[in-house]
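Visitor:
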Amino acid sequence: MSASSAEAHGHHYTTTGLDNRKIAIWAFIGSECMLFASLISTYLIYKGKSVVGPFPHTPWTDPSSGKVYPAILNIPVTSASTFVLLMSSLAMVLALAAVENKGKPLPPGSGWWDKALTSSKLWLWMTCLLGAGFLAFQAYEFTSFVHEGLTIRRNLFGSSFFTLTGFHGAHVTAGVIWLGTLLAIDYKRGLQPSDALNVDIAALYWHFVDVVWIAIFTLLYLIPD
Amino acid sequence: MDWLTTTDHKKIGTLYLHTSLFFFVLGGIEAILMRWQLMRPNGTVFTAEQFNQLFTMHGTTMVFLAVMPLSAAFFNYLIPLQIGARDVAFPRLNAFSYWVFVLGGIFITLPIFVWAAPDGGWFGYAPLSGRTYSPGPNMDFWVLGIQILGISSLAASFNFATTVINLRAPGMNMMRMPMFTWMSFVTQFLIILSFPVVTIALVFLQFDRFFGTTFYQISAGADPLLWQHLFWIFGHPEVYILILPAFGLVSEVLPTNSKKPLFGYPVMAYSGILIGFLGFGVWAHHMFAVGMGPIADTVFGLTTMLIAIPTGVKIFNWIFTMWGGSIRFTAAMKFAIALIAMFTIGGISGITHSSPPSDLQQTDTYYIVAHFHYVLFGGAIMGIFAGIYHYFPKMYGRKMNESLGTVHFWLNLIAMNLTFFPMHFSGMLGMPRRIYTYDAGQGWETFNMISTIGAFLLAPATLIFVYNFFRSKKHGEVAGPNPWDAPTLEWSIPSPPPEYNFAKIPMVSSRYPLWDLTHPERTSEIPHTQSGWEDAKHQTGEHDMAPMHIETETKTAKELGIPMPSSTIKPFFVALGIVLMFAGLVFLPKGMHIPAFALMFGGSAMWIGFLYAWLTTPLEDHH
Numbered sequence: 109m110s111a112s113s114a115e116a117h118g119h120h121y122t123t124t125g126l127d128n129r130k131i132a133i134w135a136f137i138g139s140e141c142m143l144f145a146s147l148i149s150t151y152l153i154y155k156g157k158s159v160v161g162p163f164p165h166t167p168w169t170d171p172s173s174g175k176v177y178p179a180i181l182n183i184p185v186t187s188a189s190t191f192v193l194l195m196s197s198l199a200m201v202l203a204l205a206a207v208e209n210k211g212k213p214l215p216p217g218s219g220w221w222d223k224a225l226t227s228s229k230l231w232l233w234m235t236c237l238l239g240a241g242f243l244a245f246q247a248y249e250f251t252s253f254v255h256e257g258l259t260i261r262r263n264l265f266g267s268s269f270f271t272l273t274g275f276h277g278a279h280v281t282a283g284v285i286w287l288g289t290l291l292a293i294d295y296k297r298g299l300q301p302s303d304a305l306n307v308d309i310a311a312l313y314w315h316f317v318d319v320v321w322i323a324i325f326t327l328l329y330l331i332p333d
Numbered sequence: 055m056d057w058l059t060t061t062d063h064k065k066i067g068t069l070y071l072h073t074s075l076f077f078f079v080l081g082g083i084e085a086i087l088m089r090w091q092l093m094r095p096n097g098t099v100f101t102a103e104q105f106n107q108l109f110t111m112h113g114t115t116m117v118f119l120a121v122m123p124l125s126a127a128f129f130n131y132l133i134p135l136q137i138g139a140r141d142v143a144f145p146r147l148n149a150f151s152y153w154v155f156v157l158g159g160i161f162i163t164l165p166i167f168v169w170a171a172p173d174g175g176w177f178g179y180a181p182l183s184g185r186t187y188s189p190g191p192n193m194d195f196w197v198l199g200i201q202i203l204g205i206s207s208l209a210a211s212f213n214f215a216t217t218v219i220n221l222r223a224p225g226m227n228m229m230r231m232p233m234f235t236w237m238s239f240v241t242q243f244l245i246i247l248s249f250p251v252v253t254i255a256l257v258f259l260q261f262d263r264f265f266g267t268t269f270y271q272i273s274a275g276a277d278p279l280l281w282q283h284l285f286w287i288f289g290h291p292e293v294y295i296l297i298l299p300a301f302g303l304v305s306e307v308l309p310t311n312s313k314k315p316l317f318g319y320p321v322m323a324y325s326g327i328l329i330g331f332l333g334f335g336v337w338a339h340h341m342f343a344v345g346m347g348p349i350a351d352t353v354f355g356l357t358t359m360l361i362a363i364p365t366g367v368k369i370f371n372w373i374f375t376m377w378g379g380s381i382r383f384t385a386a387m388k389f390a391i392a393l394i395a396m397f398t399i400g401g402i403s404g405i406t407h408s409s410p411p412s413d414l415q416q417t418d419t420y421y422i423v424a425h426f427h428y429v430l431f432g433g434a435i436m437g438i439f440a441g442i443y444h445y446f447p448k449m450y451g452r453k454m455n456e457s458l459g460t461v462h463f464w465l466n467l468i469a470m471n472l473t474f475f476p477m478h479f480s481g482m483l484g485m486p487r488r489i490y491t492y493d494a495g496q497g498w499e500t501f502n503m504i505s506t507i508g509a510f511l512l513a514p515a516t517l518i519f520v521y522n523f524f525r526s527k528k529h530g531e532v533a534g535p536n537p538w539d540a541p542t543l544e545w546s547i548p549s550p551p552p553e554y555n556f557a558k559i560p561m562v563s564s565r566y567p568l569w570d571l572t573h574p575e576r577t578s579e580i581p582h583t584q585s586g587w588e589d590a591k592h593q594t595g596e597h598d599m600a601p602m603h604i605e606t607e608t609k610t611a612k613e614l615g616i617p618m619p620s621s622t623i624k625p626f627f628v629a630l631g632i633v634l635m636f637a638g639l640v641f642l643p644k645g646m647h648i649p650a651f652a653l654m655f656g657g658s659a660m661w662i663g664f665l666y667a668w669l670t671t672p673l674e675d676h677h
């Protein structure tokens, strides 16, 4: 049964005219703001409070063994992964536009690029892959940090850093799975403009997760001790 | 089976009501056991360890398993009815919230029966609740249990916030919502914004306890106040989460039984918002004794005093609502008036410790216990009892027995004051909270004896209530749709309401739509417009709506062609999977890896699988 005939039954009347899910996702994002605010605040409160190294921006010599630990954060690598994540937001915007405009005839004289813009599959794939790329960067980052001597148990920096970025990574993972599900639907029956809301909600979540990363990247990586 | 799969907000509401009443009785028994121990000096009924578990579980049970879900029972039952909706925005999510609550409640409650319950207080202060100082599984149950219950509250808050924003009947703008819906709406935002903070505090504690992180490890340089700040940023809004719904309930009971509109309706709504807003700026008044310095103490002292203003506004508005009215003293009305009186006492003692120097004398004494029991028992519980007596006829079609209700009221009021009023004195004489016993000769004996007698009297009071509740379901006087001659939408439909609530969605033109029909003289001074009606007609056509009317329809949804959400077991299994996943962690520190990982992976697979099945099934059967 299509959405329009359900509306004809008067069942889907809403006060704002918006779908319930659209309002709920904003409420959810509001809640998520407080979640990440708590994580980020804790990181900032604990900045410079670790009793032992390694530290994020400065090298540290272990007084008992004389071993030198390099500064942990690798800003060039993370800048690259940040770029990847931001580009995924662009792909997400294009995916949503492609779903919304599906079935509209292309104006005469459209080039290959205009045609590419109509492919929801392409842009959903792009978003997923860029998201997965960011996660790969994070996996690399985490392993190299552990090799350099920073574990989640090591010090306050390790605990608060891995928990905060790990929570963010978990959100990206959930987003990739969510987008992958949309992609599967697209292959199964093709996403239609009537599905735009489903994509829109996923997109809101995705952009939110990106915005959080911008805050994390600025506060953790770009601001030195 | 019907109850396991229901998605009807009314059924879920009654499930919440019964479950949380059960937990209320359980928390009450824990309180009575504590009072038994403290009846005389050097009591030997329980060991110190057992006493710690009793006060921890009493607090945890009453806050998370009794008062919050009792409020949720009313959110569920009343919000859709009060705003003219056929269900909540997400009926299956609603069922999910309930099942997470029940299963989480069982998870956190079971250990008390083998004396392995949490023992670090309902506030679980780290580092005391960390592995170093709480090595056993006791606090594991608490950390994981509160985390589970938080999922339930958050899921419900998204649902109800959306419901209130989006499912109001045509013409019911924000300033026409019943005051209970208003206060519940504010409460949802408090939950949305405060629960994630405690979630993170608990995640840190979980990681410290299970994975060896250093968030609360002082030797690693951790701040011993981190937990307290995070916890109270949640914890203070939490007390408004407990009280605002009760404020909402009495704001329905008082006008109805005074036969007058609520005095100062807009100010009542604004003061509720202001209480919610200020509630996020006062958390550190729980921490005056930790030495935050004069600036922080002053700021938090001042914000705390400020909260007295919107709260006082409410008290006066309730009194002015009754002023000049023709008051009918139903059991509900008595409880509502008791809330005004008792909450005022608790509010005034609260102001005495908004001042840091004064608080330093009172903190961690029985004076504080007296204060918050006056606001929570005298406030929240009185308001909830008022709500139960008032709305019972709507839920079951029969009234509760008024004589038994009156006996319950007086016994409850006297016993409550006997229990908690002497605690002001024992506290001022220096008796600390949470001690499991005390020596004679400090002037505390008489006060403790009176408190214990009071607590023992609360038992028969509650028993009378429980008897009345269950007896009235079958034998109560048949009520009819509107036994109290009340003004709002929920009373314009049969009692109990049919599954679809409203055969035709009412089109509302004022704040008291039902009085417009039955007592137009009472609402003549209130603005009447048809704003919003046109929009609604444009959206869906007129056939499903009708101007304000009284419904006597008893047909089924099918006969009327109203699509209803179908029953489903999936939310239950998603909830079960989540709880099993968390439960697996309990085995981890014991080195029992097989049950730990079996439960964690099995539980995760269960909830993810059923979640996918849920999301790919449409809400309604389309025949």
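Sequence lines, in order, name chains E and B. Position 215 of the first sequence, counting from 1, maps to 323 under this note's numbering, and the rest follow consecutively. Position 452 of the second sequence, counting from 1, maps to 506 under this note's numbering, and the rest follow consecutively. For every residue, glycine included, the Cβ atom is placed at its ideal position computed from N, Cα and C.
1. So I86 of chain B and F510 of chain B are supposed to be a Cβ contact under 8 Å. How far apart are they, rounded?
2. Is the beta carbon of W231 of chain E less than 7 Å from the beta carbon of L202 of chain E?
3. Using DSSP with H/G/I as helix, E/B as strand and the rest coil, what is E674 of chain B?
4. How many angstroms separate the CA atom of T59 of chain B from the CA atom of L673 of chain B?
5. Would the beta-carbon of F626 of chain B fall within 7 Å of that of W153 of chain B?
6. Who are the neighbours of F163 of chain E on chain C, taking C-beta pairs under 8 Å?
7. Kindly list the residues whose CB is nearer than 7 Å to the CB of N128 of chain E, restricted to its own chain and excluding five residues on each side of it in sequence; keep chain order.
8. Please name the residue or residues paired with P560 of chain B in a DSSP beta bridge.
9. Less than 6 Å between C-beta atoms, sequence neighbours within five positions excluded: which residues of the same chain meet that for S267 of chain E?
10. So G590 of chain B contacts chain E; which residues on that side make the cut at Cβ distance below 7 Å?
11. At a cut of 8 Å, does the stretch 184-191 of chain B reach the stretch 128-141 of chain B through at least three beta carbon pairs?
12. If you run the structure through DSSP and keep just helix, strand and coil, what is V99 of chain B?
13. Given a threshold of 16 other Cβ atoms within 10 Å of its Cβ, counted over all protein chains shown, does T30 of chain B qualify as buried or as exposed?
14. P11 of chain B to S325 of chain B, Cα distance in whole Å?
15. For the stretch 304-329 of chain E, enumerate the residues whose C-beta is nearer than 7 Å to any C-beta of chain B, in chain order.
16. What three-state label does DSSP hand W176 of chain B in the structure shown?
17. If we define contact as Cβ-Cβ less than 7 Å, is R76 of chain E a contact residue for chain B?
18. Assuming the contact rule is C-beta atoms closer than 8 Å, L208 of chain B and I245 of chain B should be a hit. Round their C-beta distance to whole Å, please.
19. Using 8 Å as the cut-off, can you tell me whether the stretch 556-573 of chain B makes contact with the stretch 224-236 of chain B, which would need three or more C-beta pairs spanning the two stretches below that distance?
20. Quick one: which unbroken alpha helix (DSSP H) runs of 4-plus residues sit fully inside the stretch 218-291 of chain B? Chain order, please.
21. Can you give me the C-alpha to C-alpha distance between A611 of chain B and H592 of chain B, rounded to a whole angstrom?
22. State yes or no: is the beta carbon of T334 of chain E nearer than 7 Å to at least one beta carbon in chain B?
23. Residues of the stretch 270-289 of chain E with a CB closer than 7 Å to any CB of chain B: list them in chain order, please.
24. Given that D141 of chain B touches chain E, what residues does it touch there, using C-beta distances under 9 Å?
25. Could you compute how far the alpha carbon of L126 of chain E sits from the alpha carbon of T384 of chain B?
26. Are three or more beta carbon pairs between the stretch 659-669 of chain B and the stretch 614-634 of chain B nearer than 8 Å?
27. Let's test the definition: count the other Cβ atoms within 10 Å of the Cβ of N96 of chain B and tell me whether it reaches 16, buried, or not, exposed.
28. Starting from the Cα of A540 of chain B, find the closest Cα among B:T491, B:I438, B:R382, B:I373 and give me that residue.
29. Shorter than 7 Å from the beta carbon of M142 of chain E to some beta carbon of chain B?
30. So for R140 of chain B, helix, strand or coil by DSSP?
31. Helix, strand or coil for R89 of chain B per DSSP?
32. Residues of chain E with CB closer than 7 Å to the CB of Q593 of chain B, please, in chain order.
33. Check whether the Cβ atoms of L653 of chain B and L634 of chain B lie closer than 7 Å to each other.
34. Return the residue from the list E:S158, E:N182, E:F191, E:N209 that minimises the CA-CA distance to L305 of chain E.
35. G330 of chain B versus chain E: which residues are under 8 Å apart at the beta carbon?
36. Please go through the same chain and pick out, in chain order, the residues whose beta-carbon is closer than 7 Å to the beta-carbon of M116 of chain B, but skip the five residues on each side of it.
Guide: According to the data block:
1. What you label residue 86 of chain B is simply residue 32 of the second sequence in a count that begins at 1. What you label residue 510 of chain B is simply residue 456 of the second sequence in a count that begins at 1. Rounded, the Cβ-Cβ distance is 7 Å, consistent with contact.
2. For the purposes of this step, residue 231 of chain E is taken as the residue at position 123 of the first sequence. For the purposes of this step, residue 202 of chain E is taken as the residue at position 94 of the first sequence. Contact flag set, yes.
3. Counted from its first residue, the second sequence places residue 674 of chain B at position 620. Of the three classes helix, strand and coil, the one that applies to E674 of chain B here is strand, per DSSP.
4. Counting from 1 along the second sequence, the entry for residue 59 of chain B is found at position 5. Counting from 1 along the second sequence, the entry for residue 673 of chain B is found at position 619. Taking the straight line joining both Cα atoms gives about 13 Å.
5. Residue mapping note: residue 626 of chain B aligns to position 572 of the second sequence, counting from 1. Residue mapping note: residue 153 of chain B aligns to position 99 of the second sequence, counting from 1. It is a contact, given that the beta carbons lie within the stated cut-off.
6. Included in the structure are the protein chains E and B, with no chain C among them.
7. By 1-based counting over the first sequence, the position of residue 128 of chain E is 20. Cβ neighbours of N128 of chain E beyond the five flanking positions: T122.
8. Stepping through the second sequence from its first residue, residue 560 of chain B is reached at position 506. In the DSSP output, where bridge partners are listed per residue, P560 of chain B has B:A600.
9. Here residue 267 of chain E refers to the residue found at position 159 when the first sequence is read from its first residue. The answer, listed in chain order, is I260.
10. On the second sequence, position 536 is the one that residue 590 of chain B refers to. Note on residue identity: the sequence assigns Ala, not Gly, to residue 590 of chain B. The answer, in chain order, is Y121.
11. no
12. Taking the second sequence and counting its residues from 1, the one referred to as residue 99 of chain B is at position 45. Three-state result, V99 of chain B: coil.
13. Residue 30 of chain B cannot be examined here, being either before or after the span of chain B that is shown, 55 to 677.
14. With chain B covering only 55 through 677, there is no way to say anything about residue 11 of chain B.
15. none
16. Within the second sequence, residue 176 of chain B is the residue found at index 122, counting from 1. In the structure shown, W176 of chain B sits in coil (DSSP, three-state: anything other than H, G, I, E or B).
17. Lying before the first or after the last residue shown, residue 76 of chain E is absent from chain E, which here runs from 109 to 333.
18. If you number the second sequence from 1, residue 208 of chain B lands on position 154. If you number the second sequence from 1, residue 245 of chain B lands on position 191. The Cβ separation is near 7 Å, so the contact holds.
19. yes
20. 233-265
21. For the purposes of this step, residue 611 of chain B is identified with residue 557 of the second sequence, where counting begins at 1. For the purposes of this step, residue 592 of chain B is identified with residue 538 of the second sequence, where counting begins at 1. C-alpha separation (whole angstroms): 24 Å.
22. The structure shown does not extend to residue 334 of chain E, since chain E spans only 109 to 333, so no value can be given for it.
23. T271
24. To locate residue 141 of chain B, count along the second sequence from 1; it is residue 87. Going along chain E, no residue has its Cβ under 9 Å from D141 of chain B, so there is no contact; the nearest lies around 10 Å.
25. Residue mapping note: residue 126 of chain E aligns to position 18 of the first sequence, counting from 1. Residue mapping note: residue 384 of chain B aligns to position 330 of the second sequence, counting from 1. If you take the alpha carbons of L126 of chain E and T384 of chain B, they lie about 42 Å apart.
26. yes
27. Numbered from its first residue, the second sequence carries residue 96 of chain B at position 42. It counts as exposed.
28. Mapped onto the second sequence, residue 540 of chain B falls at position 486. Comparing Cα-Cα distances from A540 of chain B to each of B:T491, B:I438, B:R382, B:I373, the minimum goes to B:R382.
29. The residue you call residue 142 of chain E lines up with position 34 of the first sequence. So, interface residue.
30. The sequence position of residue 140 of chain B within the second sequence is 86, counting from 1. Reduced to three states, the DSSP call for R140 of chain B is coil.
31. In the second sequence, residue 89 of chain B corresponds to position 35, counting from 1. Of the three classes helix, strand and coil, the one that applies to R89 of chain B here is helix, per DSSP.
32. Indexing the second sequence from 1 puts residue 593 of chain B at position 539. What Q593 of chain B touches in chain E: Y121, G125.
33. The residue given as residue 653 of chain B occupies position 599 in the second sequence. The residue given as residue 634 of chain B occupies position 580 in the second sequence. Yes, Cβ-Cβ distance for L653 of chain B and L634 of chain B is below 7 Å.
34. As a working note, residue 305 of chain E is residue 197 in the first sequence. Of E:S158, E:N182, E:F191, E:N209, the residue nearest in Cα terms is E:N209.
35. By one-based count along the second sequence, residue 330 of chain B stands at place 276. Here the premise fails: no neighbours, minimum Cβ distance about 14 Å.
36. Position 62 of the second sequence, counted from the first residue, corresponds to residue 116 of chain B. Closer than 7 Å at the Cβ level, and outside the excluded window around M116 of chain B, lie G81.
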